[in-house]
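First the structure, in the form of structure tokens, and then the observations on it.
Number of protein chains: 2
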Amino acid sequence: MDPQEIEALFNQCTRFLGGHGRRLPQQALAELAEWTPADLPSDRYGSGELISGFEEQVAALLGKEAAVFMPSGTMCQQIALRLWADRRGSRHVAFHPTCHLEIHEQQAYQLLHGLHGILVGARERLLTLDDLQRIAEPLGVLLLELPQREIGSQLPPWEDLVAICDWARSHHVPLHMDGARLWECKPFYAREYAEIAGLFDSVYVSFYKGLGGITGAILAGPHDLIAEARIWQRRHGGNLFQLYPYVLSARKGLEERLPCMQAYHDKAVEIAQVLKKFPEITFMPDPPHTNMLHIFLRGDKARLEAALVETMRATGVWLFYPLRPCQVPGCHMTELSTGDATLELNTAEIAELFRQVLQRAEA
Amino acid sequence: MDPQEIEALFNQCTRFLGGHGRRLPQQALAELAEWTPADLPSDRYGSGELISGFEEQVAALLGKEAAVFMPSGTMCQQIALRLWADRRGSRHVAFHPTCHLEIHEQQAYQLLHGLHGILVGARERLLTLDDLQRIAEPLGVLLLELPQREIGSQLPPWEDLVAICDWARSHHVPLHMDGARLWECKPFYAREYAEIAGLFDSVYVSFYKGLGGITGAILAGPHDLIAEARIWQRRHGGNLFQLYPYVLSARKGLEERLPCMQAYHDKAVEIAQVLKKFPEITFMPDPPHTNMLHIFLRGDKARLEAALVETMRATGVWLFYPLRPCQVPGCHMTELSTGDATLELNTAEIAELFRQVLQRAEA
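In order, the protein sequence lines correspond to chains A and B. Residues 1 to 363 in this note's numbering are what the first sequence lists, from first letter to last. Residues 1001 to 1363 in this note's numbering are what the second sequence lists, from first letter to last.
Shown next, in the form of structure tokens:
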């Protein structure tokens, strides 16, 4: 279908299967203005209580000495990897084959920072201690993504995670966490964020996934690393005149949605339960580790997509579109992250929506 | 004086000699929300009418084929220089000794992009055709800053500018404009922005100086350059999930303040006239080329600063603080950019404020 028709359909929908629902700029800005204290002065090129207070808050939450707010995770992570690699004296940076740096950043780590990627393990499963033990080159840094987004936000059991981190430490390899969805991990590990982050030397977290902020990221770690990261932030063009719209929405997101992570997770588990009843549907992980499910539908792609559009039109509930291609012929994928909008839908109604889609695709 | 006391004094002031006055985040967000159409959908990773429509508007205003919105000028300019240098097959990039890339970006052009800076001309004056003719190395790109901020936003006469640009074109050297304050040049050249920008292959403009936006920049140029710049924007970590607070405030600034540039310039000229009466004051350029004056005060620094604080306390008008060091002993500098707040002050009152400062410093 024409992207404009899809956009129009999205704009007509009033309820949403995933995420926090549609928040248009006008409404988001008005809500943010209402939430912001009237006498709070702006940040300025990274200075000011507005930004430094939030950096301290997040550093404390993650049990790190210091933190720096940046416009994007892309910036945080390239900088963290470069700094660790410089310190360690090796350009080899190791990560999972689906790492954001490898698949979404146009090889910036190579082109801007002269780093060499070593892909560890296999695309379709978590990286293991065994994978690490096969690495024959000295590493500048090891990046672990918690949870591993491209495989449905899977997480290693705590003991496996500890074993991996012990390996890195015993080999003097700095450990960096891609925690784009770290906030979403707490129900799985049932541990404080500081305890999870405590296994790592540095951590990047994001504020616009589960927390629903406008945009923005933080890199947390030792004082000296963060001080040096600020210089590279300036080099990247990320030391912005005013970051307050992002910082404030991040603070608001943390305040309002961090307490909801258990509810988002529980909802994903409930949805997984009802999806099991459909023979045309598979999903992973089972049960979900976080608030995310990767859902696979079997059938004719065009018929399934037409059925999705019809169902969304008929119900006013936005589901997902388009379906993404899969390795296995006849299978099509979508990613679901539960959020505020999902909590507003009864799980029985969600099951009924999937039933309608599959029935229309068959008809 | 203690920075916190100064900040408190700034927060107590109700009128301001320079700029557009104090706009706290809460108020700025509320005004932006009020200005934004309620049904306007967000941008998403650089896509969407909200951002592309504005890019097209600014490209048209500058007479360029295409434009890309980025979080910062630092990002725009490194990318532009790298792309031109790549095309031209030379890593040598030439600019004035006070170029932003040379003095404010921690040598990022070298460290991220492997470019070599060639400083053209002398710090205290504009770059000339004669300076260019002395360059013995093949250039990848020449950057000209219009106006040259660090020397009081000076501008070359139109004929000199054309001669420089002709030299570059005849030597097949791509020309990039640092137009951080291009909007402020129109009264001086009395030409359309497209005619000024038409002398250059690419142009960067900013939205938070004279236009008073929150933050944000645009790079404009040929279609192919801008398409490639978008890839490097992603590499820099500047392809943000949502840029709408910056884009909307830039649109608002352009709409509301572009028509005021003549008034800002005229006010700077008026202020310059009255400053001439004080033997302790010199300024440049005389008359001002844009809305900016670099003002030099002779006297004891501590006494002048104490007098500034007293005068600001007594009148509730924020002037400037601290004074900046100068090459010449006993001289101290401040930079004044006129704006909405300046227009609200009568020029005779401004003269009286300077008189009070100088009198208190002498007493």
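All C-beta atoms, glycine included, are put in the ideal place defined by N, C-alpha and C.
Check: Beta-carbon separation (whole angstroms), Ala1194/B vs Leu1061/B, contact threshold 8 Å; Outcome: 7 Å
Check: Under 9 Å between C-beta atoms of Met292/A and Thr338/A; Outcome: yes
Check: Residue span of the beta strand (DSSP E) that contains Tyr1204/B, given as start and end; Outcome: Ser1202 to Ser1206
Check: Local Cβ density within 10 Å of Asn239/A, reported as buried at 16 or more and exposed below that; Outcome: buried
Check: Contact list for the region 60-87 of chain A against chain B, Cβ threshold 8 Å; Outcome: Met70, Pro71, Ser72, Gly73, Thr74, Met75, Cys76 and Gln78
Check: Where the beta strand (DSSP E) containing Thr342/A begins and where it ends; Outcome: It is not in any beta strand (DSSP E) - Thr342/A instead sits in the alpha helix (DSSP H) that spans Asp340 to Leu343.
Check: Chain B within 9 Å of Arg257/A, Cβ atoms only; Outcome: no
Check: is_contact[Asn1291/B, chain A] using C-beta, thresh 9 Å; Outcome: no
Check: Secondary structure of His176/A, DSSP reduced to three states; Outcome: strand
Check: Proximal residues of chain B, C-beta to C-beta of Ser42/A below 7 Å; Outcome: Leu1024 and Pro1025
Check: Closest by C-alpha distance to Arg82/A, when choosing among Gly140/A, Leu9/A, Val68/A and Glu56/A; Outcome: Gly140/A
Check: Contact list for Trp214/A against chain B, beta-carbon separation under 7 Å; Outcome: It should be noted that the sequence gives Ile, not Trp, for residue 214/A. The contacting residues are Gln1242 and Pro1245.
Check: Short-range partners of chain B found in the region 102-119 of chain A, where Cβ spacing is below 7 Å; Outcome: Glu105, Gln106, Ala108, Leu111 and Leu112
Check: Continuous beta strand (DSSP E) stretch holding Ala217/A: start and end; Outcome: Ala217 to Gly221
Check: Sub-9 Å separation of Trp1084/B and Leu1199/B beta-carbons; Outcome: no
Check: Closest Cα partner of Gly21/A within the set Gln133/A, Trp167/A and Glu344/A; Outcome: Glu344/A
Check: Straight-line Cα distance separating Thr215/A from Cys260/A; Outcome: 19 Å
Check: Limits of the unbroken beta strand (DSSP E) element including Arg298/A; Outcome: Met292 to Arg298
Check: Local Cβ density within 10 Å of Val1120/B, reported as buried at 16 or more and exposed below that; Outcome: buried
Check: Neighbourhood of Leu358/A by C-beta, 7 Å cutoff - its chain only, sequence neighbours within 5 removed; Outcome: Phe278 and Glu280
Check: Sequence-distant residues of the same chain with beta carbon closer than 6 Å to Leu127/A, five excluded per side; Outcome: His96, Val120 and Gly121
Check: Cβ contact check for the region 131-150 of chain A and the region 175-192 of chain A: 3 or more pairs under 8 Å; Outcome: yes
Check: Every unbroken alpha helix (DSSP H) inside the region 55-98 of chain A [4 residues or more]; Outcome: 73-88
Check: Buried or exposed (CB count within 10 angstroms, at least 16 for buried), Glu1124/B; Outcome: exposed
Check: Residue-level contact to chain A via CB, Thr1036/B, 9 Å cutoff; Outcome: yes
Check: Sequence-distant residues of the same chain with beta carbon closer than 6 Å to Arg1015/B, five excluded per side; Outcome: Val1317
Check: In chain order, each alpha helix (DSSP H) run of at least 4 residues that lies wholly inside the region 1005-1058 of chain B; Outcome: 1025-1035
Check: Helix, strand or coil at Leu1353/B [DSSP, three-state]; Outcome: helix
Check: Selected residue, minimal CA-CA separation from His1113/B, among Gln1233/B, Leu1243/B and Glu1310/B; Outcome: Gln1233/B
Check: Contacts around Ala1094/B, its chain only, beta-carbon distance under 6 Å, and the 5 residues preceding and following it disregarded; Outcome: Ile1118, Val1120, Leu1139 and Leu1142
Check: Span separating the alpha-carbon of Gly46/A from that of Val247/A; Outcome: 11 Å
Check: Three-state class that DSSP yields for Met1312/B in the structure shown; Outcome: helix
Check: Neighbour flag for Tyr208/A against chain B, beta carbons, 9 Å; Outcome: yes
Check: Cβ-Cβ separation, Arg1091/B to His1116/B (assumed contact under 8 Å), whole Å; Outcome: 5 Å
Check: Spatial distance of Ala1080/B from Asp1039/B (CA atoms); Outcome: 34 Å
Check: Alpha carbon of Ala1197/B to alpha carbon of Asp1160/B, nearest angstrom; Outcome: 15 Å
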